[in-house]
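Everything below concerns the one structure shown next.
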Amino acid sequence: MTTPPHAVRPTVPVILAGSDGTRLWPLSRAAMPKQFQPLTDRLTPYQKALTLVSGGPYASPIIVTTATYLDLARVQAKAVGVTDPLFVVEPAGRNSAPSILAAAILCTRRHSASDLLVLPSDHHLNGDDRFQRSIDTARELVATADMLIAFGIHPTNPETGGRYIRAGAPMVVPGARLIDQFLEKQSRSQAEALLGDEDVLWNSGLFYFPTERLLEEAARLQPAMLTAVNYAAETARLSGPVVHLDEATYAKAQSLPIDIAVMERTDCAAVVPMTADWNDICTYSDLWDIAEERDTNGNVTLGTVVTEQTSNSYLRSDGRLTAVVGLDNVVVISTDDAVLVADRSETQAIRPLVERLAAEGAKEVERPPTAVHHWGTHRTVDRGIGYQVNHIMVMPGERLSLHYHHYRSEHWTVVSGVARVIVDDREHDVRPNQTVYVPLGAVHQIENRARVGLHLIEVQCGGYLGEDDVVLLDEVDHAAGGLPDFARAAE
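The numbering used here puts the first residue of the sequence shown at 1, with every later residue one more than the last.
Here you go:
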């Protein structure tokens with residue numbers, strides 16, 4: 001195969017944003033996992049991944065996610081100025097190999113020749129010169145040898161939860177080496193032995209692929225998977241910048257990570273060491289490790305937290321005043337609807353705890369107090385038998401879909417901004433301190449035509465207040481207007 005000249009090949013970022021996670025509960029929920037949460041500052045890991053590869057040598061990104069997270073992905077991308085991505089929606093998660101192959105297939109429709117830079121959206125990665133030098137090395141290796149490249153990280157501790165790469169012979173591009181072997185998860189003693197081996201790297205989950213070579217190798221090594229993904233893309237439903245892969249055919253693709261599906265089996269796999277700061281943020285101890293600031297006692301504190309005789313701890317409150325006294329090496333997370341207190345060295349046990357809560361039907365593992373939609377946010381502030389009170393924020397230029405309910409009526413009071421309201425055949429503006437009554441079964445809609453956010457209090461009344469009691473009469477296109485800073489919008 002002849003690779004087109006390096007200078008004319010765009011590098012297309014592929015952001016994998018469909019994973020869920022439970023080990024950072026209660027911050028991370030099934031409906032809003034860690035990649036969409038502002039974990040260390042006002043930007044989320046997903047937003048940081050986008051800004052890392054925006055502009056400069058990078059083409060418009062391809063973002064692979066699920067229908068559950070599409071609104072989050074669109075809102076947060078626009079909030080950081082990424083206005084022209086292609087969103088690829090998986091009907092169900094099939095691990096990274098089908099996701100990346102779908103992106104590669106769709107990329108060939110945009111570019112006659114290209115390279116893919118694959119980034120997980122839920123990792124911490126410092127985008128300094130060290131990161132860019134690693135990307136430049138990968139580009140050069142593709143231009144000279146047409147290799148499939150994994151980025152490796154030099155281990156800093158005996159990690160038992162991740163996978164490793166054993167590097168082989170050096171290649172013509174300085175720093176690049178053939179991959180000799182992928183190593184599965186290690187025991188503690190095995191991981192300690194690997195720690196001193198200079199040929200062993202962590203598998204970061206970041207990859208650099210020449211698109212054509214990746215598809216050729218997939219056709220050779222995973223023909224059934226590639227056929228299923230290709231047909232799912234061919235029969236996909238298009239909606240503006242969103243490609244909804246066909247559910248029936250995509251489900252036929254075997255669920256495998258790209259390193260097992262292709263990289264372990266190909267004879268053209270290479271590894272490029274990456275020295276940039278990296279962390280896959282699996283636990284609260286990881287967040288403590290990557291924190292830029294700690295107090296004099298080694299505490300990381302975020303939000304309204306006060307401490308006394310407390311040390312080496314990760315402490316966060318998303319609202320209420322949280323006081324911690326006389327503890328060492330703990331994690332305390334306080335949200336509006338859940339509190340976690342754990343030994344910082346035992347945070348791996350959070351996953352089975354969350355699994356037990358989910359089996360018991362605890363709603364706190366599913367949804368955060370504030371839900372993000374393409375039009376804005378809603379937050380439940382009180383609920384009881386027969387009623388629920390919500391704070392709704394509609395972003396400038398956005399509107400909710402026209403809809404009605406079978407089992408509840410609603411009362412809206414505008415707090416700030418001006419609402420354009422439809423209730424059955426009446427349309428009018430509602431201003432601060434004015435109220436609208438929506439009878440059970442009435443067709444209704446809220447729109448914000450102003451340049452500032454619209455805030456209102458909604459009181460729902462009825463015998464059943466489930467979120468599935470919504471009959472949509474139209475589908476609103478997502479994120480048509482300008483967006484404020486995401487962190488402010490979610491308050």
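Cβ coordinates follow ideal geometry from the N, Cα and C atoms, glycine included.
Could you give the DSSP three-state label for residue i: helix, strand or coil?
i, result
"Met32", "strand"
"Arg294", "coil"
"Glu410", "strand"
"Met274", "coil"
"Leu473", "coil"
"Met393", "strand"
"Ile446", "strand"
"Asp289", "helix"
"Glu346", "helix"
"Val351", "The identity of residue 351 in the sequence shown is Arg, whereas the question assumes Val. DSSP places Arg351 in helix when its eight states are reduced to three."
"Asp382", "strand"
"Ala480", "Reliability of the predicted coordinates at Ala480 is poor, the pLDDT of 33 falling under 50, and the value obtained from them is presented with this limitation in mind. Residue state, collapsed to three classes: coil."
"Leu16", "strand"
"Arg74", "helix"
"Asn279", "strand"
"Asp199", "coil"
"His334", "According to the sequence as given, residue 334 is Ser; it is not His. It is a strand residue."
"Pro98", "helix"
"Ala150", "strand"
"Ala323", "strand"
"Ala67", "helix"
"Glu159", "coil"
"Glu192", "helix"
"Leu117", "strand"
Can you name the start and end residues of the alpha helix (DSSP H) that residue i belongs to?
i, result
"Pro45", "Pro45 to Leu52"
"Val8", "Taken as a continuous stretch (DSSP letters only), Val8 belongs to no alpha helix (DSSP H), as it is neither H nor E."
"Glu212", "Thr211 to Leu221"
"Cys461", "Careful: Cys461 lies outside any alpha helix (DSSP H), inside the beta strand (DSSP E) at Leu454 to Gly462."
"Asp259", "Unbroken run through Asp259: none, as it is neither H nor E."
"Glu247", "Glu247 to Tyr250"
Which residues in the same chain as residue i place their Cβ atom closer than 6 Å to its Cβ, once the five residues preceding and following it in sequence are excluded?
i, result
"Asp129", "none"
"Gln181", "Arg166"
"His378", "Ala371, Asn390 and Ile392"
"Pro174", "none"
"Arg23", "Cys282, Thr283, Ile350 and Arg351"
"Ala419", "Val430, Ile446 and Leu454"
"Tyr250", "Pro91 and Ala232"
Is the CB-CB distance between residue i and residue j below 9 Å?
i, j, result
"Gln222", "Leu256", "yes"
"Gln445", "Arg399", "yes"
"Val423", "Ala442", "yes"
"Thr68", "Ala77", "no"
"Ala224", "Ala248", "no"
"Ala113", "Glu212", "yes"
"Leu214", "Leu101", "yes"
"Asp115", "Arg9", "yes"
"Pro33", "Pro61", "no"
"Val271", "Ile179", "yes"
"Asp336", "Arg320", "yes"
"Ile507", "His124", "Limits of the chain in this structure are 1 at one end and 491 at the other, which puts residue 507 out of reach."
"Trp288", "Arg344", "yes"
"Glu458", "Val421", "no"
"Leu473", "His403", "yes"
"Met263", "Ser134", "no"
"Val229", "Pro98", "yes"
"Val80", "Phe207", "no"
"Val330", "Val341", "yes"
"Ala269", "Ala218", "no"
"Asp286", "Asn297", "no"
Since residue i and residue j are thought to touch, with beta carbons under 8 Å apart, how far apart are those beta carbons, to the nearest angstrom?
i, j, result
"Ile149", "Leu141", "6 Å"
"Thr11", "Arg109", "Thr11 to Arg109, Cβ: 17 Å. No contact."
"Asn203", "Gly162", "7 Å"
Tell me which same chain residues have a C-beta within less than 8 Å of the C-beta of residue i, skipping the five on either side of it?
i, result
"Leu194", "Pro155, Pro158, Tyr164, Leu183, Gln186 and Val200"
"Glu292", "Thr40"
In the DSSP assignment, the beta strand (DSSP E) including residue i goes from what residue to what residue?
i, result
"Asp429", "Arg426 to Val430"
"Glu364", "That residue, Glu364, is in no beta strand (DSSP E); it is neither H nor E in DSSP."
"Pro170", "Tyr164 to Pro170"
"Ala419", "Ala419 to Val423"
"Arg139", "No beta strand (DSSP E) holds Arg139; the alpha helix (DSSP H) holding it covers Asp129 to Ala145."
"Gln181", "Arg177 to Leu183"
"Leu315", "Tyr314 to Ser317"
"Glu90", "Leu86 to Glu90"
"Ser401", "Where Ser401 is concerned, there is no enclosing beta strand (DSSP E), given that its DSSP letter is neither H nor E."
Using C-beta distances below 7 Å, list every residue in its chain close to residue i, excluding the 5 sequence neighbours before and after it, in chain order.
i, result
"Pro432", "Val414, Val415 and Ser416"
"Ala17", "Gln35, Tyr46, Ile63, Val64, Thr65, Tyr69, Ala73 and Ser121"
"Leu327", "Thr310 and Ser313"
"Ala358", "Val365"
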